[in-house]
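2 protein chains.
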Amino acid sequence: MNKFVAYSNSEIIRDLKENVPTGRVNISPDFLEQAENDQYGVKLADGLPLALIEAKTVKDVQGVLKTARKFHIPVVPRTTATSTVSGSDAIAGSFILSTAKMNHIKEINKADQVAVVEPGVINQELDDEARKFGLFYAPDPGSKKISSIGGNASTNAGGMSTVRYGTTKDSILGLKVVLADGREIQLGSRSLKQAFGYNLTQLFVGSEGTLGIITEITVRLFPIPLGSSIMGLAFFKDMKTLSTAVTEIRGSGAYPSMLEALDADTVKALDKYEGTHYSENAGAMLILRLDSSNDEMLKTTENILAKRGGQNLQLTTDPKEAAAITKLRQDMLPAVFANGQHVMEDMAVPLSKLAEMMDYIKKVADQLHLEIYTAGHAGDGNVHPTIVWTKTDDDSDDIPDAVQKALQLMFRKALKLGGTISGEHAVGLLKNQWNNEELGDDVDMIQHQIKALFDPMNILNPKRKID
Amino acid sequence: MNKFVAYSNSEIIRDLKENVPTGRVNISPDFLEQAENDQYGVKLADGLPLALIEAKTVKDVQGVLKTARKFHIPVVPRTTATSTVSGSDAIAGSFILSTAKMNHIKEINKADQVAVVEPGVINQELDDEARKFGLFYAPDPGSKKISSIGGNASTNAGGMSTVRYGTTKDSILGLKVVLADGREIQLGSRSLKQAFGYNLTQLFVGSEGTLGIITEITVRLFPIPLGSSIMGLAFFKDMKTLSTAVTEIRGSGAYPSMLEALDADTVKALDKYEGTHYSENAGAMLILRLDSSNDEMLKTTENILAKRGGQNLQLTTDPKEAAAITKLRQDMLPAVFANGQHVMEDMAVPLSKLAEMMDYIKKVADQLHLEIYTAGHAGDGNVHPTIVWTKTDDDSDDIPDAVQKALQLMFRKALKLGGTISGEHAVGLLKNQWNNEELGDDVDMIQHQIKALFDPMNILNPKRKID
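Top line first, the protein sequences correspond to chains A and B.
Here full-length UniProt numbering is used: the first residue of the first sequence is 1, the next is one more, and so on.
Here full-length UniProt numbering is used: the first residue of the second sequence is 1, the next is one more, and so on.
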């Protein structure tokens with residue numbers, strides 16, 4: 001579609017190439033088609049981007065924004081494009097600005113307990129490197145092996161050990177950010193304590209590329225805990241019972257570092273995928289871990305499990321056995337996804353409401369005759385119900401009405417219980433229509449005022465997150 | 001000083017009283033004179049306020065702002081006025097808006113591990129109440145017994161157990177805030193995980209009353225750790241040696257919950273105050289605590305102390321003995337302050353730079369012939385050098401030139417080492433001239449843009465924090 005007097009694409013690309021000194025500017029239609037969508041999630045991209053720029057330096061990032069400002073081109077930032085909420089799939093005619101190739105670990109400092117990394121560094125790689133220093137990078141989203149620190153920071157990603165070590169926001173001490181106007185600013189520092197300026201670092205964490213482009217991240221690394229780590233499995237008659245036990249363990253002072261729940265259908269899917277037999281006597285499965293444990297922590301956890309209906313408790317300190325249990329949790333997603341078309345959701349409720357939320361999800365599945373596999377980070381009150389359906393032969397990518405209905409019901413319930421419709425996956429294109437309902441009129445408007453302050457031309461990931 | 005056509009004070013007070021339905025409006029000059037300054041810190045107030053309003057309800061807060069907007073009156077928010085940076089002392093002709101009487105603990109929820117409180121609730125009272133539920137409120141500033149959760153939130157207060165449990169920001173999940181325009185908004189929630197909107201909660205934490213008036217706070221409570229808490233004392237030849245040991249313990253995986261350092265002069269002052277004899281063979285004293293300890297945590301800590309020059313290690317699990325050690329730390333400030341006029345400073349550096357910072361402070365004291373007592377939260381790289389001097393007989397409250405010079409030198413050094421000139425005391429009137437130097441041109445300007453967004457009339461605690 002041509003405007004009456006419009007710049008030609010070739011003019012725009014010429015300008016872009018002039019402004020990007022070292023990065024690669026991809027404009028081949030085949031390449032762009034492949035890069036249109038995020039790897040995961042519902043496909044919501046509305047057309048091909050104009051170019052995908054693989055930035056290698058801050059100057060490249062600034063150059064992309066310069067051309068974008070000149071021609072009013074939307075910029076979609078991404079690293080490895082593993083958003084589950086269509087956070088970084090293409091906007092028609094946009095620049096996709098990938099910082100995946102800015103992937104150097106600049107520093108790991110044992111004494112300061114920090115790492116300084118570029119945004120494209122893969123979470124697992126940073127963690128592996130940190131462990132060589134007796135430290136670890138705590139946030140461990142399911143996408144740990146394929147997602148980046150930049151993406152994790154932009155979405156405030158969570159994970160399995162969030163229950164003890166916090167989400168990504170809790171591990172971020174400082175950021176360098178290129179603003180829409182091209183200036184690079186430094187926020188925060190490597191100091192573990194900071195009470196000087198406004199906390200702009202945390203304003204950018206979780207802002208999903210709508211306020212600026214992250215070019216460097218200073219993260220906190222934790223020391224590897226001393227003493228034995230105990231990994232365990234326990235089984236319950238249903239998710240409601242499990243939830244009650246989880247809430248009590250979390251409140252007990254045992255400081256578990258993992259409290260993961262899988263419902264009966266999820267365990268069945270897992271058995272099919274792994275060739276195991278857990279589902280034979282499990283209405284729900286709990287995976288738990290205690291770090292730096294002592295006798296009281298272990299005894300208390302065991303007592304609560306016994307008292308609250310936990311059965312067939314298996315505990316191990318053997319690293320190989322522990323790794324096998326962790327693998328169960330990691331394989332859960334592919335095991336569920338293998339059953340058909342699916343949408344995985346993400347909501348979090350106060351711990352006291354977890355049992356009620358679990359129960360409600362089951363009722364919704366029954367009422368709407370849907371397969372809903374519910375698993376998640378029970379210790380945080382954070383659940384991931386995955387709705388699975390069989391594609392009808394009309395080849396449509398549309399989400400069936402019953403699925404839409406179920407999502408709406410679950411979202412409203414989570415909000416009614418004082419929770420959020422995004423515990424750790426962020427908002428993206430998938431949930432941006434829910435801003436007003438979750439945040440209310442006033443805060444919805446304030447978000448737009450802040451967006452306008454940082455990005456008055458609205459070129460940074462427009463129509464995502466807040467819009 | 002009268003303007004040509006000005007509202008009379010009585011008109012203003014009449015309007016104020018009409019707008020404040022339940023709170024108390026104090027205008028007696030005696031009362032106002034007493035309330036002019038913060039309890040602590042350098043006296044920087046520049047004149048009497050017009051009124052001090054003790055708000056009892058949100059409507060009172062909104063009413064004060066209504067009158068303030070109408071007559072363009074600066075509003076100085078406070079609770080118990082224990083700022084150490086002149087954060088809440090009077091501005092001439094201002095309204096001091098105290099929320100100290102909004103002091104109800106609205107809810108303590110054991111299952112959710114949260115409390116919902118009004119801003120005037122005293123830190124210690126919340127902690128005491130939480131402990132009845134097997135929980136505790138972690139942030140423990142030196143002012144724990146007299147400062148409020150609202151004030152702690154406004155300054156992002158730290159404390160002794162920050163080293164394990166984080167500063168106030170890490171314990172705040174949600175806020176209600178009255179904006180300058182009178183609207184009350186809700187930020188965050190009681191969900192432990194939140195990845196929906198921009199993190200406006202953390203923008204308000206530490207904003208020192210310049211962006212809005214906090215009217216309700218939802219805080220996270222931690223479970224009381226299981227297993228023994230070990231409290232200890234160790235002695236070193238100097239602060240540099242101590243700092244090296246502290247950095248190593250912090251990085252060891254022992255997860256200490258207290259690593260407090262006192263230099264030789266501080267220990268001497270303490271001995272004088274307490275009648276103890278610690279200074280006889282101590283160039284520096286370390287107070288440490290391990291919660292939920294296990295054998296490896298303890299053994300590792302002991303080994304590091306022995307290897308790094310720690311002497312006369314005393315460890316105890318006896319609650320009475322532990323309390324006596326904690327009291328030493330708590331008495332440290334009055335013990336030092338008893339020696340004369342003083343200014344207590346607050347800066348934080350990366351852990352690897354702590355020894356260098358300690359050494360530098362000692363050199364500054366020697367060069368400028370000053371008494372500097374240095375103590376602080378060594379495990380966070382957060383030090384409080386207190387400069388003490390004898391008042392000359394000219395009755396002046398001015399800070400001597402050498403003291404000013406020493407402060408400047410220490411601030412510049414902390415910044416040069418990648419630290420901050422405020423680790424946990426915030427900025428107030430005392431350090432607001434340092435914004436540009438610590439944050440740089442761009443971020444300094446962005447702070448003002450954010451301030452203008454929330455408070456376009458600049459009535460909320462003007463000339464503090466960012467100005």
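Backbone N, C-alpha and C fix where the C-beta goes; we use that ideal spot for every residue, glycine too.
In the structure shown, His-104/B adopts coil according to DSSP, grouped into three states. Put simply, the backbone Cα of Ser-189/B is about 14 Å away from that of Asp-170/B. Against chain B, a Cβ distance below 8 Å from Ile-387/A picks out nothing, because the smallest value is about 20 Å. The alpha-carbon separation between Ile-459/B and Leu-351/B amounts to approximately 39 Å.
Leu-430/B and Val-403/B do not touch by the CB rule: their CB atoms are close to 13 Å apart, not below 8 Å.
Within the same chain, and ignoring the five residues on either side of Ile-185/A in sequence, the residues whose Cβ sits closer than 6 Å to its Cβ are Val-177.
A straight line joining the alpha-carbon of Lys-272/B with that of Gln-124/B spans about 28 Å. The CB of Val-427/A comes closer than 7 Å to the CB of Phe-196 in chain B, given here in chain order.
Going by C-alpha positions, Gly-423/A is about 50 Å away from Val-388/B. Setting aside the 5 residues that flank it on each side, Thr-201/B is surrounded in the same chain by Ile-172, Gly-174, Leu-175, Leu-187, Gly-188, each with a C-beta closer than 7 Å to its C-beta; the list follows chain order. Annotation: Cβ neighbours of Val-443/B in chain A (cutoff 8 Å, chain order): Ile-185, Gln-186, Leu-187, Gly-197, Leu-200.
Ile-53/A places its beta carbon 8 Å or farther from that of Val-76/A.
Taking C-alpha positions only, Leu-288/B is separated from Thr-266/B by approximately 17 Å.
About 6 Å separates the CB atoms of Thr-167/B and Pro-139/B; that is less than 8 Å, so the two are in contact.
Within its own chain, the residues whose Cβ lies closer than 6 Å to the Cβ of Lys-391/A, once the five positions on either side in sequence are excluded, are Gln-341, listed in chain order. Chain-order list of chain A residues neighbouring Asn-461/B: empty, with the shortest C-beta distance near 13 Å, by a criterion of under 9 Å. Out of Gln-447/A, Met-457/A, Pro-456/A, the CA that lies nearest to the CA of Ser-207/A is found in Gln-447/A. In this structure Phe-411/B is buried. Its beta-carbon is surrounded by 16 or more other beta-carbon atoms within 10 angstroms. Within the DSSP bridge table, the entry for Leu-187/A names Leu-175/A as partners. Fully contained in the region 24-89 of chain B are the following alpha helix (DSSP H) runs of length 4 or more, in chain order: 29-34, 58-71. For Tyr-137/B, no chain A residue has a Cβ inside 8 Å of its Cβ, as the nearest lies near 15 Å away. Contact between the region 105-124 of chain A and the region 203-222 of chain A is established, with three or more Cβ pairs separated by less than 8 Å. Within the region 289-302 of chain B, contact with chain A at the beta-carbon level (separation under 8 Å) is assigned to Ser-292, Ser-293, Asn-294, Asp-295, Glu-296, Met-297, Thr-300. The Cβ-Cβ distance between Asp-444/B and Asn-435/B falls below 8 Å.
Counting only residues of its own chain and dropping the five nearest sequence neighbours on each side, Gln-113/A has a CB closer than 8 Å to the CB of Leu-135, Leu-192, Arg-220, Leu-221, Phe-222, Pro-223. Going by C-alpha positions, Ala-426/A is about 20 Å away from Phe-337/A. C-alpha of Ser-143/B to C-alpha of Ala-153/B: approximately 13 Å in a straight line. For Ala-284/B, the closest C-alpha among the options Ser-293/B, Ala-245/B, Pro-256/B, Lys-320/B is that of Ala-245/B. Counted as a single uninterrupted DSSP element, the alpha helix (DSSP H) harbouring Met-357/B occupies residues 354-367.
Straight through space, the alpha carbons of Glu-321/B and Met-258/A are spaced by roughly 35 Å. For Pro-21/B, DSSP records no beta bridge to any residue. When Cβ-Cβ separations below 8 Å define contact, Arg-464/A makes no contact with chain B.
For the beta strand (DSSP E) assignment, the uninterrupted runs of no fewer than 3 residues enclosed by the region 205-229 of chain A are, from N- to C-terminal side, 213-220. The C-beta distance from Ser-147/A to Thr-82/A rounds to 5 Å, short enough to fall under 8 Å. Annotation for Ser-243/B: the continuous alpha helix (DSSP H) segment containing it runs 239-250. Across the region 363-386 of chain A, CB contacts with chain B closer than 7 Å involve Asp-380, Gly-381, Asn-382, in sequence order along the chain.
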